[in-house]
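Residue numbers (my numbering): 4 to 140.
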């Protein structure tokens, strides 16, 4: 008489147990969970990025770490807000100074245009005048 015993266990029961054991062994081999997290975080923060915060390619000369990029971006944002706030407070004085500056220069500009127009009329029967203004507000 043979005493063979056969036990059938579903793969759905065994798979999670095996995966958990493999995961625990990998974490242990990498130095424990806290050490692993520390290495991952350090790696991410010290990762090189380009000027726009993306992955640099071989032609990017201006690279920095992610921490430096994020700090620089935060400082720029705060500085921009501070400058806008200062401009809002100084708007009347800035407008007055700008009008005064333009008043000084407009006489020179007008004189230059009139002198140039006069010289053009002396040497040519055809006249062409063109004024172009470009730039942002």
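Don't be surprised by glycine CBs; every beta carbon is placed ideally from N, CA and C.
Quick check: residue i and residue j, are their CB atoms within less than 8 Å of each other?
i, j, result
"residue 74", "residue 65", "no"
"residue 47", "residue 69", "yes"
"residue 67", "residue 78", "no"
"residue 43", "residue 36", "no"
"residue 72", "residue 83", "no"
"residue 90", "residue 101", "no"
Assign residue i to one of two classes, buried (16 or more other C-beta atoms within 10 Å of its C-beta) or exposed (fewer than that).
i, result
"residue 62", "exposed"
Would you list the residues sitting across from residue i in a DSSP beta bridge?
i, result
"residue 51", "68"
In its own chain, which residues sit with a C-beta less than 8 Å from the C-beta of residue i, not counting the 5 before and 5 after it?
i, result
"residue 60", "53"
"residue 39", "30, 33"
"residue 50", "68, 69"
"residue 9", "none"
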